[in-house]
Amino acid sequence: MIDPGCNNLSPTLVPKANVLPDDIVQNFFAQMPSGAVFCKMLYRNGQPEDFVCLYSNQAFHAQTGLGPVDGLRISVAVPGILEANPEFLTVFGRVAGGGSAESFETFVDGLQQWFSVQACSSKPGHFIAAFNAINQRKVAEESLVASEKLYRGLLEDQTETICRFKADGSLIYVNNAFCKLFGKSREALLGLSWHRSVWDEDLPLVNAKLATLSPGNPVVTIENRIIAVHGEIRWGQFVNRAFFDGQGDLLEIQAVGRDITEQKLSEAATAELYTRLAKISSRVPGVIYQYQLRADGSSCFPYASEAIRDIYRVTPEAVQDDASAVFAILHPDDYAGVADSIRQSAATLEPWQQEYRVRFTDGCVRWLYGNAVPRNASDGSVIWDGFITDITERKLLEDRLRVSAQELQDLYDRAPCGYHSIDVNGVFTNINDTELAWLGCGRDELVGKKRISEFMTAEGKEQFKATFPQFIAAGHIENVEFELVGKNGAIRQISVNATAINDSAGNFVKSRSVLHDISELKKIHNELMLLTAEQQAMLDNELVGIVKVRNRHTIWINSAMERIFGYGEGELDGQPNRILYLNERSYQEVGAAAYPILKAHGIYRTQLKMRRKDGEVIWIDLNGMQLPGDSRDSVWMLLDITASKRYEEEIERIAFHDVLTGLPNRKLITDRLKQALALAERNQHPLAVCYLDLDGFKPINDQYGHAAGDKLLIEIARRMQEAVRVNDTVGRLGGDEFVLLLTGLKQIDEYRPVLQRVIDAINAPFSIGQRLVTVGASIGVALFARDGDNPDMLLRHSDQAMYQAKKSGRNRVCLYEAESNG
């Protein structure tokens, strides 16, 4: 045994023989895996000063890297150790002094080694110490501490909220973002239940989702409302990861959350926008959509209104990620055009517009029209916002209109009358084939190049010069006649009716002129009837009124019928037909005549006068047809032939009257003279035939022109008619020659006052512009039966007497004298 108070040992070496433990201790030391050393504490003045290694095992040498240290003071074996590691003297001194076993960890700078040291007392003043090198563990621990420090720093710096809570919900960790969100310090939050931060309405949902966590399903994401700082309700998204022990019991949950309030508000606004858009789109006849062409060439419809079900027969969901279902039904003939137009729009960012067809699996083909505006997206794709609608009906209508337009053009070109339009300069802007044939010219020769006046006689050109400005001012002309000269010199007598077409400012743009060839009245009459029939067959929608009748009541009517009779749309629907007749008698007579014939032969036709709504009487060509079968219905076509009837009357008037003055012409005068002679012979009353020739008319006509001369002749004719008696006749033979037939004379010289009134009326001045002119009249008189008993003789003798009046000084009356005129 070594005396603890012994201080006379060598400072460097203590004899081992005196301190070796017994064999058991030595064997124990040798077998220990730890480095073990048996030491004696050295004291100075009762305080530990050093210790001597009495025995050390092989593991001690291996752990410390020291050679044999038995018998050496530790301060000698490892110089400076006691100064660098004072804990050795402190701990070992307590243990050697009878204290309990102690352990500690220390770094021995002299050995550059970390050790885990356990010390226990074996006997007073002695101790046994076990050393284990722990460098690797310490490095790992320091790395772990550094990692934990870095990890905690990262957690604290995160903008996302991070927390950990136990199975009972109590918080065991919160980061700075969590504290900031809830406006509380970490100390105030730790230990509280996380349930207190969840909005009450959402708590059942959150608990239900957390209840689904298991070792096999350790993660769940929850979106819920939370009660943030100042009681503000905000939305959060939390990724919850659960940790379980070996028995599957929940240890804790780590939750990482982020504030998605703005996202939720945006989603709500977007949802509201889409709801409003859906409501709007439900009222729009087409699909409102968003189309996306991705950078890889794929495409989709991120949004499409419900109308896409009708337009493409697909659901909005079916094309939300992939648009191929839409492209699959594009018509093969239109597919390339649609694809090219989309690529071009994407390249130029010009608006996309396209008309194209789709063909469904049942063979149905529909026309669509698309319109969209493109924009570049941040991901490299192009997005179009647009609208697609079904235009099948419009396309069908366009086709029908195109056919109708062609049919109308055919009718226009092939009509039996001439049609043309001229501009303000009288130049052709349009002309039909019929009129081209009349002129013997091609359309290219005339349109935009030739004037209508170039195909008129000299007189016609003057007439056109005078009447064309009047036509522009009035807006229409009717039955104006002129001579049309063809390229080959052929002349046609033409009657023209025209309407002026003006722009919105009222300026003349062009005429719409209809020309009829009236060269031969009979031929024109037949052609007019033919034209009426053709118009009835071909121009039903414009000229022919059509009405379907049952029990003499209207059950269907076209617009032409309403226009002909002056009624508004729908006014004649269901009305009795009698309101169109002149009177009840006419209504009954037509019914009695028409319906038996309809029943027997199926058709009935007549011409009659009928009455418009405004009371105007019009001529109607009435053509009825009994519908086949047992139907009580009949269809009637009504053509307004008032103009034709008036034209016929006008033709008859022209045949017997002077065109300029309206006075009876030679033919009518001769007829009336025959009748007057027969009456005079029966009654034995004198009759005077007066031949009148104007004096001074030719100079006026030459000086002031034919138009002025015509006006003068018209005025002279009017004055003469006012001067004679009611039963007298004033006629014009031509030029400035007139005939007066004075009948019912009681005395043979009763003609004199009548003729004097005529001369006085003619002598009165006439106004031509700003000038006054005068003319006279030389009149020759032949009396029945004194000077002849037939029209030719009386006219010839009165003509001779007129020349005698001129020779006698003009402006006087001379009675036929056989000797002087012999």
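In terms of the working numbering, the sequence shown opens at residue 12 and continues consecutively.
C-beta: ideal position from N, C-alpha, C; glycine also.
Note that the structure is predicted; figures quoted are calculated from it, not measured.
As assigned by DSSP and simplified to three states, the class of V786: In the structure shown, V786 sits in coil (DSSP, three-state: anything other than H, G, I, E or B).
The region 494-511 in contact with the region 395-411 per 3-pair CB rule at 8 Å: They do not touch, by the three-pair rule.
N441 versus K521: straight-line alpha-carbon distance, rounded: In this structure, the straight-line span from the alpha carbon of N441 to that of K521 is close to 10 Å.
Own chain partners of V217 with C-beta closer than 7 Å, once the 5 adjacent residues on each side are dropped: V209, I233, N235.
Element boundaries [alpha helix (DSSP H), containing D800]: D800 -> no alpha helix (DSSP H), and no H or E assigned at all.
Local Cβ density within 10 Å of K51, reported as buried at 16 or more and exposed below that: Counting Cβ neighbours within 10 Å, K51 comes out buried, since at least 16 surround it.
Any C-beta of chain D under 9 Å from that of A772: Checking the listed chains, one finds no chain D in this structure; it contains a single protein chain.
Simplified DSSP assignment, three categories, for Q695: Look at Q695 here: in three-state DSSP terms it is coil, with no helix or strand label.
Ordered list of beta strand (DSSP E) runs contained in the region 71-146, each at least 3 residues: Listed in chain order, they are 113-119, 124-131, 137-144.
Endpoints, alpha helix (DSSP H) assigned at V765: Unbroken alpha helix (DSSP H) run through V765: 762-774.
Rounded straight-line distance, which links the Cα of P607 to that of L690: Between the alpha carbons of L690 and P607 lies a gap of roughly 48 Å.
Top-ranked residue by Cα proximity to Y323, from V369, P79, Y300, I790: The candidate whose alpha carbon is nearest that of Y323 is V369.
Distance between S809 and V700 (C-alpha atoms, nearest Å): V700 and S809: Cα-Cα distance of roughly 6 Å.
Span separating the alpha-carbon of D836 from that of L221: The structure shown has nothing for residue 836, since the chain only spans 12 to 833.
C-alpha distance - F475 paired with A605, whole-angstrom precision: Rounded to whole angstroms, F475 to A605 spans 48 Å at the Cα level.
Residue burial classification, R84 (beta-carbon count within 10 angstroms, cutoff 16): Counting the other Cβ atoms within 10 Å of the Cβ of R84 gives 16 or more, which makes it buried.
Contact the region 120-127 vs the region 85-95: 3+ CB pairs below 8 Å: By the Cβ rule, the region 120-127 counts as touching the region 85-95, because three or more pairs are nearer than 8 Å.
Span of the alpha helix (DSSP H) around R574: Where R574 is concerned, the enclosing alpha helix (DSSP H) stretches over 570-576.
Sheet register partners of P587 (DSSP bridge): P587 pairs with H564.
Same chain only: Cβ atoms within 7 Å of F795, ignoring 5 sequence neighbours per side: So the qualifying residues of the chain are L688, A691, P697, L698, L805.
In DSSP terms, what K620 is bridged to: In the DSSP output, where bridge partners are listed per residue, K620 has W630.
Secondary structure of K533, DSSP reduced to three states: In this prediction, K533 scores a pLDDT of 43, lower than 50, which makes its location untrustworthy; the coordinate-derived value is nonetheless stated afterwards. K533 falls in the helix class under three-state DSSP.
Whole-angstrom C-beta distance between S524 and Y430, which should lie under 8 Å: About 7 Å; that satisfies the 8 Å criterion.
For Y323, the three-state DSSP class (helix, strand or coil): In the three-state scheme derived from DSSP, where H, G and I count as helix and E and B as strand, Y323 is classed as coil.
Beta-carbon proximity list for G755, same chain, < 7 Å, skipping 5 on both sides: Excluding sequence positions up to five before and after G755, its CB lies within less than 7 Å of the CB of H696, N738, all in the same chain and listed in chain order.
Nearest-angstrom Cα separation, counted from F466 out to K817: So the alpha carbons of these two residues sit roughly 42 Å apart.
Same chain, Cβ closer than 6 Å to T510, neighbours up to 5 away in sequence not counted: Take T510, set aside five residues on each side of it, and the residues of its chain with a beta-carbon closer than 6 Å to its own are H487, R523, in chain order.
Unbroken alpha helix (DSSP H) run spanning A654, endpoints: Its alpha helix (DSSP H) spans residues 653-667.
Stretch-stretch touch, CB-based, cutoff 8 Å, three pairs: the region 658-673 with the region 617-630: Output reads no: the region 617-630 does not touch the region 658-673.
Closer than 8 Å: A88 CB and nearest the ligand SAH heavy atom: Annotation note on the ligand SAH: not contained in the displayed structure, which lists no ligands.
For F40, the three-state DSSP class (helix, strand or coil): Reduced to three states, the DSSP call for F40 is helix.
Beta-carbon gap between A141 and L192 smaller than 9 Å: The answer is no: Cβ separation not under 9 Å.
DSSP state of L674 mapped onto helix, strand, coil: Here L674 carries a coil assignment [DSSP, helix/strand/coil].
Residue(s) in a DSSP beta bridge with Y300: Looking at the DSSP output, Y300 shares a beta bridge with A315, G397.
Enclosing beta strand (DSSP E) for Y430 [first to last residue]: Residues 429-433.
Delimiting residues of the beta strand (DSSP E) encompassing N441: Per DSSP, N441 belongs to the beta strand (DSSP E) from 439-442.
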